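Input: a single structure, listed below in structure tokens.
There are 2 protein chains.
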Amino acid sequence: MAVIVQKFGGTSVGGIDRIRHAATRVKQAVDRGDQVAVVVSAMGGETNRLVDLVRTMAPVHDAREYDAVVSSGEQVTAGLMAIALQQLGIDARSWTGWQIPVHTDDVYGAARIQRIETDVLKERLANGQVAVVTGFQGIGEVGRVTTLGRGGSDLSAVALAAALGAERCDIFTDVEGVFTCDPRIVAKASKLDKITYEEMLEMASQGAKVLHTRSVATAMNHHVRLQVLSTFTDTPGTLVVDEDEIVEQQVVSGIAYSRDDAKITIIGLPDRPGVAASLFGPLADANINVDMIVQNISEDGDRTDLTFTVAKADLDRTLDLLEKDNDKLGAERFSPDANVVKVSVIGVGMRSHAGVARTMFDALAGRGINIQLISTSEIKISVLISEDYLELALRALHTAYGLDVD
Amino acid sequence: MAVIVQKFGGTSVGGIDRIRHAATRVKQAVDRGDQVAVVVSAMGGETNRLVDLVRTMAPVHDAREYDAVVSSGEQVTAGLMAIALQQLGIDARSWTGWQIPVHTDDVYGAARIQRIETDVLKERLANGQVAVVTGFQGIGEVGRVTTLGRGGSDLSAVALAAALGAERCDIFTDVEGVFTCDPRIVAKASKLDKITYEEMLEMASQGAKVLHTRSVATAMNHHVRLQVLSTFTDTPGTLVVDEDEIVEQQVVSGIAYSRDDAKITIIGLPDRPGVAASLFGPLADANINVDMIVQNISEDGDRTDLTFTVAKADLDRTLDLLEKDNDKLGAERFSPDANVVKVSVIGVGMRSHAGVARTMFDALAGRGINIQLISTSEIKISVLISEDYLELALRALHTAYGLDVD
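Structure (structure tokens):
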């Protein structure tokens, strides 16, 4: 009998009726003869409510107490899900992170899972009991509750699947799977049957919201077969798997985009050794992440222009820091632009195919879309363009790489 | 330095501002040099919300999962209270029942505390840290969360005070203490400075809502000095203490009442040995509690009338059972009356004073109030009267026993 982990997100457990419906998806697996561990998020909106309570009490607060408060949401769902399963005649019980236990480090609010004890759990599963486990949380080294941060429940599910040696980890969500592109923008986008971990990792880090990079990276490292699928429709989702499981690989598997970036151009920066370090050092110290960077060739060997991107949320803070440091930098001026988007084409097939970048540049040039910045990795090409051209660019690229379906 | 336990109920922690205010009451004790353990209830209304979720999922449900869900409310308050205390510059941390641990039996939903481990807690308190403890819950023998049932947070506080050898357990609530009678009905009622455990126990079991009998009984057994006081006013409350701490004892300390009883009269019951057993046996089996009982003297030696009271909530069920058993009972008919109240005068001084009952009967007769049933204990006289006369009876008795203040 196969062990399966099923994870239900906040929308899938957003109320009594939804939890009841999710329970029917668990029953399907039980009826197939699988041993099932279920991982649940807090009911939709509940974590935000708890975070608001903490922040209203004190904008700056003890992360340990934040975790104590915020971790309560998943407990409620786990208990309710266990009851819903019992209503369907299924033997079930709820487990918190500390009961399993899911051991983590002591970085409250962003803890890392170190070890999951599975002896008791495996015995219960083998006896036909469904384990309903609180996502997003564990127990730290000094016996306090920790939470795992953004995307934590997915991570709980993947780590549990790895620890149990599960055949598959199903991530139930409100979309039907991973699409070649956002179907709200590109009508001809289609659901992928399979995608590799590396591609999914790039999709996630380049703006696709369906999975967090931490969960995908953990799945990749432990060879956990992930399935992203909809709680609400009864169709297969997208499998995220090792590359050798995919027989016929497309050159480009998907196109991602992100509206979360902003661009800063530094004009008239003295072109001398060490200027980049004195520029980016203070940003790194302030925890500001710089993504794409392009330095123009210096025309007179004296001054140059330099362009880079940061998260839109960090734009003001970055400009403040730059202005403050400009005594040392000696730049002429800083030119910010928040009206940009990053578009990325992703596919492991790029490794063995030439001309992928050329197709991208041609397609964009053909629509009169100016490329402001470019960055590449082995399986990805990203360009920064004006936000106004986002939809046009996505559709043009989707067609150019032969991804359209009717 | 004295150890003090402070317990705040749902109204006292019903929102961010109220928790902040309650934290200032903790600070007062810390500033006096006390070592303080704080026990908190769930935010007002929160436990009801959680209970509703469980009941909506399944009217009949696994008590273990009920406890898993419902115990989350106090965790939220404990974390928020710890943050509020930290905001006031006080070193504080939250503790759940399983972290302390508070060991209980495995009777989910109505667990009994068996043992509280206090070594770590005492060390923290001695180092000046305030411990904020979730009320209402513990950990059972198999490592699951248990809840203590009605009045559970008071019980947590009293048991913690006993385990810590605390000098006092302060129960902060929305009233200023224990009154001679309900001040909403008797304007001349006054707050008692002190009351004995036994009197408080009778007050609680005869309808006074300020404390639950379980908490008072536990305090009495462990000689925990209890104080009932208001979170919102800065005046001393009522101390619940051993009898020898009270120098000048009133004959009657207080007058309690309950609207929760209903009366059933069985007319024409065959007057033969064993009839009471065949009457009350099935009620006991059905978990129906019978309080007052009076059997009339049989006039012809053949048939008699018998009157008793049950909780109003059990009235219909009791009548159903009696009708079903009437083959064996052979009564002529059953006459129910829900329009009754029980009024009780309570005082340890009764032990050494005659004429207490007489004063009661005279006062009621003087207002034309008919007494339907009477029951007495060493320190209490209860009468059942028509509900219509409740307010009149309370005021008459309050005056008759010399309790009125202007």
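One line per chain: the protein sequences are E and D, in this order. Residue 1487, in this note's numbering, is where the first sequence stops; the numbers in between run on with no holes. Residue 1487, in this note's numbering, is where the second sequence stops; the numbers in between run on with no holes. Glycine is no exception: its CB is placed at the ideal position from the N, C-alpha and C atoms. Owing to the predicted nature of the structure, the values given are computational and were not obtained by experimental measurement.
Which whole-angstrom value describes the C-beta separation of K1393(D) and D1341(D), a residue pair presumed to lie in contact below a C-beta threshold of 8 Å?
Indexing the second sequence from 1 puts residue 1393(D) at position 312. Indexing the second sequence from 1 puts residue 1341(D) at position 260. About 5 Å separates the two Cβ atoms, so the contact holds.
Classify K1423(E): buried if its beta carbon has 16 or more other beta carbons within 10 angstroms, exposed otherwise.
The count along the first sequence starts at 1 and reaches residue 1423(E) at position 342. Buried, by the Cβ-count rule.
Cβ contact check for the stretch 1245–1253 of chain D and the stretch 1270–1286 of chain D: 3 or more pairs under 8 Å
The stretch 1245–1253 of chain D is not in contact with the stretch 1270–1286 of chain D.
Runs of 3 residues minimum, wholly inside the stretch 1347–1390 of chain D: which ones carry the beta strand (DSSP E) assignment?
The qualifying runs are 1371–1376.
For the stretch 1429–1436 of chain E and the stretch 1474–1483 of chain E, state whether three or more C-beta atom pairs, one from each stretch, are separated by less than 8 Å.
Contact annotation: the stretch 1429–1436 of chain E does not touch the stretch 1474–1483 of chain E, with fewer than three C-beta pairs closer than 8 Å.
Compare the Cα-Cα distances from V1223(D) to each of Q1180(E), T1440(E) and P1351(E) and report the closest residue.
Counted from its first residue, the second sequence places residue 1223(D) at position 142. Checked all of Q1180(E), T1440(E) and P1351(E); the closest Cα to V1223(D) is Q1180(E).
Backbone secondary structure at Y1338(E) - three-state DSSP:
Along the first sequence, one-based indexing puts residue 1338(E) at 257. In this structure, Y1338(E) counts as strand in the three-state DSSP scheme.
Have a look at N1208(D), K1088(D) and A1240(D) and flag the residue whose alpha-carbon is nearest the alpha-carbon of M1124(D).
In the second sequence, the residue the question calls residue 1124(D) occupies position 43. The shortest Cα separation from M1124(D) among N1208(D), K1088(D) and A1240(D) belongs to K1088(D).
For I1085(E), the nearest candidate out of S1467(E), R1295(E), I1266(E) and A1207(E) (CA to CA)
Residue mapping note: residue 1085(E) aligns to position 4 of the first sequence, counting from 1. Taking only the C-alpha atoms, the option nearest I1085(E) is A1207(E).
Would I1452(D) and F1442(D) qualify as a contact pair, given that the criterion is a beta-carbon distance under 8 Å?
In the second sequence, the residue the question calls residue 1452(D) occupies position 371. In the second sequence, the residue the question calls residue 1442(D) occupies position 361. Cβ atoms of I1452(D) and F1442(D): closer than 8 Å.
Residues that G1184(D) contacts on chain E, provided the C-beta gap is smaller than 7 Å:
Position 103 of the second sequence, counted from the start, is the residue given in the question as residue 1184(D). Looking at the sequence itself, residue 1184(D) is His, so the reference to Gly does not match. Under a criterion of Cβ atoms nearer than 7 Å, no residue of chain E is adjacent to H1184(D); the nearest Cβ is some 16 Å distant.
Just verifying my parser: in three-state terms, what is the DSSP assignment at R1196(E)?
Counting from 1 along the first sequence, the entry for residue 1196(E) is found at position 115. The answer is strand: DSSP assigns R1196(E) an E or B state.
Given this structure, state the Cα-to-Cα distance separating P1363(E) from K1461(E), to the nearest angstrom.
To locate residue 1363(E), count along the first sequence from 1; it is residue 282. To locate residue 1461(E), count along the first sequence from 1; it is residue 380. Just so you know, the alpha carbons of P1363(E) and K1461(E) end up roughly 29 Å apart.
Express the C-alpha separation of A1247(E) and V1211(E) in angstroms, rounding to a whole number.
Taking the first residue of the first sequence as position 1, residue 1211(E) is located at position 130. Taking the first residue of the first sequence as position 1, residue 1247(E) is located at position 166. Looking at the two C-alpha atoms, the distance is approximately 14 Å.
Closest by C-alpha distance to L1475(E), when choosing among G1449(E), H1303(E) and I1266(E)
Residue 1475(E) sits at position 394 when you count from the first residue of the first sequence. Of G1449(E), H1303(E) and I1266(E), the residue nearest in Cα terms is I1266(E).
Excluding sequence positions up to five away, which residues of its chain have a Cβ less than 6 Å from the Cβ of E1413(D)?
Along the second sequence, read from residue 1 onward, the residue named residue 1413(D) stands at position 332. Spatial neighbours of E1413(D) in its own chain (CB-CB distance under 6 Å, excluding positions within 5 residues in sequence) are listed in chain order as I1348 and G1349.
Are the CB atoms of S1122(D) and S1234(D) nearer to each other than 8 Å?
Counting from 1 along the second sequence, the entry for residue 1122(D) is found at position 41. Counting from 1 along the second sequence, the entry for residue 1234(D) is found at position 153. By the CB criterion at 8 Å, S1122(D) and S1234(D) fall inside the cutoff.
Within the stretch 1139–1168 of chain D, note down every full alpha helix (DSSP H) run reaching 4 residues or more, in order along the chain.
Taking only runs of at least 4 residues, the alpha helix (DSSP H) segments lying wholly in the stretch 1139–1168 of chain D are 1144–1151 and 1153–1168.
Where does A1212(E) sit, in a helix, a strand or coil, going by DSSP?
The sequence position of residue 1212(E) within the first sequence is 131, counting from 1. Three-state DSSP puts A1212(E) in a strand.
Simplified DSSP assignment, three categories, for K1290(D):
Counting from 1 along the second sequence, the entry for residue 1290(D) is found at position 209. Of the three classes helix, strand and coil, the one that applies to K1290(D) here is coil, per DSSP.
Please name the residue, chosen from T1299(D), M1281(D) and I1197(D), that lies closest to L1320(D) on a Cα-to-Cα basis.
Looking up residue 1320(D) in the second sequence gives position 239. For the residues T1299(D), M1281(D) and I1197(D), the minimum Cα distance to L1320(D) belongs to M1281(D).
Hey, could you find the ends of the alpha helix (DSSP H) K1405(D) is sitting in?
Here residue 1405(D) refers to the residue found at position 324 when the second sequence is read from its first residue. Note, K1405(D): alpha helix (DSSP H), L1396 to L1410.
Suppose you measure from the CA of E1146(E) to the CA of G1160(D); what does that come to, to the nearest Å?
The sequence position of residue 1146(E) within the first sequence is 65, counting from 1. The sequence position of residue 1160(D) within the second sequence is 79, counting from 1. Cα-Cα distance, rounded: 5 Å.
Which of the three DSSP states is assigned to Q1218(D) in this structure?
The sequence position of residue 1218(D) within the second sequence is 137, counting from 1. Strand.
Please classify Q1195(D) as buried or exposed, where buried requires at least 16 other C-beta atoms within 10 Å of its C-beta.
Counting from 1 along the second sequence, the entry for residue 1195(D) is found at position 114. When all chains shown are included, Q1195(D) counts as exposed.
May I ask you to list, following chain order, the residues of the stretch 1200–1226 of chain D that have a beta carbon less than 7 Å from some beta carbon of chain E?
When C-beta distances to chain E are compared with 7 Å, the residues of the stretch 1200–1226 of chain D below that value are G1224, in chain order.
L1134(E): contacting residues in chain D (beta-carbon distance under 8 Å):
Along the first sequence, read from residue 1 onward, the residue named residue 1134(E) stands at position 53. For a Cβ distance threshold of 8 Å, residue set I1097, V1157 and L1161 of chain D lies close to L1134(E), ordered along the chain.
In or out: G1219(E) buried (at least 16 other Cβ within 10 Å) or exposed?
Taking the first sequence and counting its residues from 1, the one referred to as residue 1219(E) is at position 138. The C-beta of G1219(E) has 16 or more other C-beta atoms within 10 Å across all chains shown, which makes the residue buried.
If contact is defined by three or more beta carbon pairs under 8 Å, each pair taking one atom from either stretch, is the stretch 1124–1142 of chain D in contact with the stretch 1175–1190 of chain D?
Output reads no: the stretch 1124–1142 of chain D does not touch the stretch 1175–1190 of chain D.
Where DSSP assigns a beta bridge to H1479(E), which residues make up the other side?
Residue mapping note: residue 1479(E) aligns to position 398 of the first sequence, counting from 1. Beta-bridge annotation (DSSP): H1479(E) is not paired with any residue.
Backbone CA spacing between D1325(D) and V1259(D) [nearest angstrom]:
The sequence position of residue 1325(D) within the second sequence is 244, counting from 1. The sequence position of residue 1259(D) within the second sequence is 178, counting from 1. So the two alpha carbons sit approximately 19 Å from each other.
Which residues in chain E have a C-beta closer than 9 Å to the C-beta of V1120(D)? List them in chain order.
Locating residue 1120(D) in the second sequence gives position 39, where the first residue counts as 1. In chain order: nothing, as chain E lies at least about 15 Å away.
F1313(D) in three-state terms, based on DSSP
The residue you call residue 1313(D) lines up with position 232 of the second sequence. Correct three-state label for F1313(D): coil.
Just tell me which of G1288(E), F1415(E), S1153(E) and V1226(E) has its CA closest to the CA of L1400(E).
Along the first sequence, one-based indexing puts residue 1400(E) at 319. With respect to the C-alpha of L1400(E), the residue from G1288(E), F1415(E), S1153(E) and V1226(E) having the closest C-alpha is F1415(E).
Alpha-carbon spacing of R1205(D) relative to V1213(D), whole angstroms
Along the second sequence, read from residue 1 onward, the residue named residue 1205(D) stands at position 124. Along the second sequence, read from residue 1 onward, the residue named residue 1213(D) stands at position 132. In this structure, the CA atom of R1205(D) is about 11 Å from the CA atom of V1213(D).
Answer yes or no: does any C-beta atom of chain E fall closer than 8 Å to that of T1137(D)?
For the purposes of this step, residue 1137(D) is taken as residue 56 along the second sequence, with counting starting at 1. With respect to chain E, the C-beta atom of T1137(D) has a partner C-beta closer than 8 Å.
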